[in-house]
Amino acid sequence: MKKLFIFIFFLGIFSLFVGSKEYRFRGEEPTRLVMAYEMSYKSSFYQPTYLGEEYYRKPPLINWLIIASSKIWNWNKFTGRFISIVASILTALLIYLFGKIYIFKEDLPSILSAVIFLSFIDVTFWYGFLIEIDMTLTFIAISLIFCMIVAFEKRSYLFFSGSGILTGFAFLLKGFPAFVFLGATYTALLIYHIFIKNFSAKLIYGFFLSVISSFIPITFWILNLSHPVEYISVLWSESFGRVNQSKDLLKFFYHLFYYPLLNIKQTLLVSAVFIIFAVFKKFRFEFKQNSMIFALIVIFLLNYIPYWISAGARGRYILPMLPIVAILLANFFYYSGKDRIIKILSGVIAFTFFVRVIAGLFYFPYETSKKDYYSKVSRKIFSDITQKGEIVSDCDVHKGLIFYLDVLTGKMITSERKNPNWRYYISCYKKVDGKLIGSYRIKSDIINLYEREK
2 MKKLFIFIFF
12 LGIFSLFVGS
22 KEYRFRGEEP
32 TRLVMAYEMS
42 YKSSFYQPTY
52 LGEEYYRKPP
62 LINWLIIASS
72 KIWNWNKFTG
82 RFISIVASIL
92 TALLIYLFGK
102 IYIFKEDLPS
112 ILSAVIFLSF
122 IDVTFWYGFL
132 IEIDMTLTFI
142 AISLIFCMIV
152 AFEKRSYLFF
162 SGSGILTGFA
172 FLLKGFPAFV
182 FLGATYTALL
192 IYHIFIKNFS
202 AKLIYGFFLS
212 VISSFIPITF
222 WILNLSHPVE
232 YISVLWSESF
242 GRVNQSKDLL
252 KFFYHLFYYP
262 LLNIKQTLLV
272 SAVFIIFAVF
282 KKFRFEFKQN
292 SMIFALIVIF
302 LLNYIPYWIS
312 AGARGRYILP
322 MLPIVAILLA
332 NFFYYSGKDR
342 IIKILSGVIA
352 FTFFVRVIAG
362 LFYFPYETSK
372 KDYYSKVSRK
382 IFSDITQKGE
392 IVSDCDVHKG
402 LIFYLDVLTG
412 KMITSERKNP
422 NWRYYISCYK
432 KVDGKLIGSY
442 RIKSDIINLY
452 EREK
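With the numbering used here, the residue at position 83 of the sequence shown is 84, and numbering never jumps.
#1: Count the CB pairs spanning the segment 146-163 and the segment 116-133 that are closer than 8 Å, and state whether there are at least three.
#2: Going by the beta-carbon positions, is the gap between Glu30 and Met413 smaller than 7 Å?
#3: By the three-class DSSP mapping on this structure, what secondary structure does Leu437 have?
#4: One question on the structure: do Ile141 and Ile90 come within less than 7 Å of each other, judged by their Cβ atoms?
#5: Closest to Arg317 by C-alpha separation, out of Met136, Leu191, Glu231 and Glu452, would be which residue?
#6: Apart from the five residues on each side of it in sequence, which residues of its chain come closer than 6 Å, Cβ to Cβ, to Ser214?
#7: Got a sec? Which residues, its chain only, sit under 7 Å from Tyr461 by beta carbon, not counting five neighbours each side?
#8: With distance defined between alpha-carbon atoms, name the residue in Phe83, Leu94, Phe105 and Lys266 nearest to Gly129.
#9: Measure the alpha-carbon distance for Ser21 versus Val87 and round it to whole angstroms.
#10: Within this structure, are the beta carbons of Glu452 and Gly435 separated by less than 7 Å?
#11: Is there contact here, the segment 380-392 with the segment 349-363, by at least three beta-carbon pairs under 8 Å?
#12: By Cβ distance below 7 Å, which residues in the same chain neighbour Ile217 in space, the five residues on each side in sequence not counted?
#13: For the beta strand (DSSP E) containing Val116, list its first residue and its last residue.
#14: Determine, using beta carbons only, whether Ile68 and Ala37 come nearer to each other than 7 Å.
#15: Does the distance from the C-beta atom of Ile219 to that of Phe172 stay below 7 Å?
#16: For Asp385, name the three-state secondary structure that DSSP assigns.
#17: Rank Tyr367, Ile325 and Ser394 by C-alpha distance to the C-alpha of Ser111 and give the top, closest one.
#18: For the pair the segment 183-194 and the segment 288-308, tell me if three or more CB-CB distances fall below 8 Å.
#19: Please identify the residue among Lys4, Lys377 and Gln267 whose C-alpha is closest to the C-alpha of Ala327.
#20: Check the DSSP bridge columns for Tyr425 and list the partner residues they point to.
#21: Out of Phe10, Tyr47 and Tyr51, which has the shortest C-alpha to C-alpha gap to Phe404?
#22: Measure from the alpha carbon of Phe126 to the alpha carbon of each residue in Asp108, Gly207 and Ile359, then state which is nearest.
#23: Which one or two residues does DSSP pair with Thr415 in a beta bridge?
#24: On the DSSP letters alone, give me the boundaries of the alpha helix (DSSP H) that His256 sits inside.
#25: Indicate the three-state DSSP secondary structure (helix, strand or coil) for Tyr374 in the structure shown.
#26: My guess is that Tyr1 and Leu450 are in contact by the Cβ rule of under 8 Å, so how many angstroms apart are they, rounded?
#27: Rounded to a whole number of angstroms, what is the C-alpha to C-alpha distance between Ile448 and Val398?
#28: Which runs of the beta strand (DSSP E) at least 3 residues long sit entirely within the segment 119-154? Give them in chain order.
#29: Is the beta carbon of Leu5 less than 7 Å from the beta carbon of Ala185?
#30: Using a Cβ-Cβ cut-off of 7 Å, state whether Phe365 counts as contacting chain B.
#31: If you draw a straight line from the alpha carbon of Ala152 to that of Glu107, how long is it in whole angstroms?
#32: Would you identify the three-state DSSP class for Glu23, choosing helix, strand or coil?
#33: Check Glu55 in the structure and name its three-state DSSP category.
#34: How is the alpha helix (DSSP H) around His194 delimited, first residue to last?
#35: Whose C-alpha, out of Leu250, Gly313 and Pro366, is nearest the C-alpha of Glu239?
#36: From Val9 to Met2, what does the alpha carbon distance come to, in whole angstroms?
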């Protein structure tokens, strides 16, 4: 059985790579690449920009990681996707190690936990390889949580400091929600240790040390910003603006009902197997007698509730909790006492990975050939730019177009405000005072290329 689990584990890792290099852009992927490219081009690594204009909605850590990846892969889609794939692998390995040392004390359920995590639909088919911050945040956040658990267990100021440093890095990825992870996890563990009558003053001192340590990477970054107050203000609005949607009672109660269903969809197909067997067993769960499982449940609940009661929360916001879900599910399945359940689960997980491989080999290329507008249009625009000169654009929506043209031209396309002496203007919105030399369609939008007349 152990060899089977190891095979499935490597199959899951392999599946993340298949088709990831060429698959078309999804969502905000090109946003991350453009900002990282601009940082690298200008050798200015603290303030993200888009078209040369300062961008305040996200901190810069993901850009730094993409720049590091570009030293290996140069500038293409896989440059960013490699970060998410590595984060997925590291998260799975961390789940295994933590399970082996602190939860199960044996290999099989620990490997099963890692395999379950990799098999979640949101990991296998989406955030496990797309250029988003979520999987990198998952790795840092679960490292923070595990570090805090060890700090409580060992009464270790070193691990409390480590959890704080990790919180600082989480802030540099996501902003203020990093402190929600820290506060909710600390509160959960404090409740747990009070409950088991294992409280000491060191736990209070350790929390303050965590908070102080968290400001080390944050302060280093802020001190290098030109407009730190404006940046922090926008991050605050970005981080907690969605909470205001809960004031609409209809949206609030709809979210309370819908959000758990969305989370179940995110964790298919394993969650479906769990529900079927849980109903079959009439929800008589059999957990191994391990108090750490109880601690993980409390940690999960206290980290989950803020997103459950926030009507604006997206499904991906709870991705950092999925490693805990994977451990809890592994505990349920492995200690159910029925080999048949493990065999069925293994088959379902292997099926998930095989489908991902097939999708990467056949469906991804098909979808890319049909919908990869940005690479096709960018090549046409590049071929129509026949003279040397600066290129500007107002395209704040079609960021994939800007990324490809940055790479093709070897330059950095900016806004007109940043470079009024332009030679070519790529317009997504307005008629420009210049000679129209090309028009291109992206879905229902018309992109016009103007050349400044002498």
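Even glycine gets a Cβ: it sits at the ideal position worked out from N, Cα and C.
All figures in this text were calculated on a predicted structure; none of them were measured in a lab.
Result, derived from the coordinates:
#1: In short, these stretches do not touch, since the Cβ pair count stays below three.
#2: Their beta carbons are not under 7 Å apart, which means Glu30 does not touch Met413 by this criterion.
#3: Per DSSP, reduced to three states, the secondary structure at Leu437 is strand.
#4: At least 7 Å separates the beta-carbon of Ile141 from that of Ile90.
#5: Taking only the C-alpha atoms, the option nearest Arg317 is Met136.
#6: Around Ser214: Ser162, Gly165 and Ile166.
#7: Here the chain comprises residues numbered 2 to 455, so residue 461 is not present and cannot be evaluated.
#8: Comparing Cα-Cα distances from Gly129 to each of Phe83, Leu94, Phe105 and Lys266, the minimum goes to Phe83.
#9: Approximately 13 Å between the Cα atoms of the pair.
#10: Contact flag set, yes.
#11: With a cut-off of 8 Å, the segment 349-363 and the segment 380-392 do not count as touching, because too few Cβ pairs lie within range.
#12: Answer for Ile217: Ile166 and Gly169, listed in chain order.
#13: Val116 -> not in any beta strand (DSSP E); alpha helix (DSSP H) instead, spanning Asp108 to Ser120.
#14: Ile68 places its beta carbon less than 7 Å from that of Ala37.
#15: For Ile219 and Phe172, yes; Cβs fall inside 7 Å.
#16: Here Asp385 carries a helix assignment [DSSP, helix/strand/coil].
#17: It is Ile325.
#18: Yes: the two stretches touch, three or more of their Cβ pairs being nearer than 8 Å.
#19: The residue from Lys4, Lys377 and Gln267 with its alpha-carbon nearest to that of Ala327 is Gln267.
#20: Note: Tyr425 sits in a beta bridge opposite Ile392 and Glu452.
#21: When C-alpha distances from Phe404 are compared across Phe10, Tyr47 and Tyr51, the shortest belongs to Tyr51.
#22: Nearest C-alpha to Phe126: Ile359.
#23: Its beta-bridge partners are Val393.
#24: From DSSP, the alpha helix (DSSP H) with His256 extends over Leu250 to Gln267.
#25: In the three-state scheme derived from DSSP, where H, G and I count as helix and E and B as strand, Tyr374 is classed as helix.
#26: No information on residue 1 is available, as it lies outside the stretch 2 to 455 that the chain covers here.
#27: Whole-angstrom Cα-Cα distance: 11 Å.
#28: Complete beta strand (DSSP E) runs here, min 3: none at all.
#29: No, they are not a contact pair.
#30: Among the protein chains of the structure shown there is no chain B, as only one such chain exists.
#31: Rounded to the nearest angstrom, the two C-alpha atoms are 22 Å apart.
#32: Correct three-state label for Glu23: coil.
#33: Here Glu55 sits in strand by DSSP.
#34: Segment Pro178 to Phe196, the alpha helix (DSSP H) holding His194.
#35: Residue Gly313 is the option with its Cα nearest to Glu239.
#36: Reading off the sequence, residue 9 comes out as Ile, not Val. So the two alpha carbons sit approximately 11 Å from each other.
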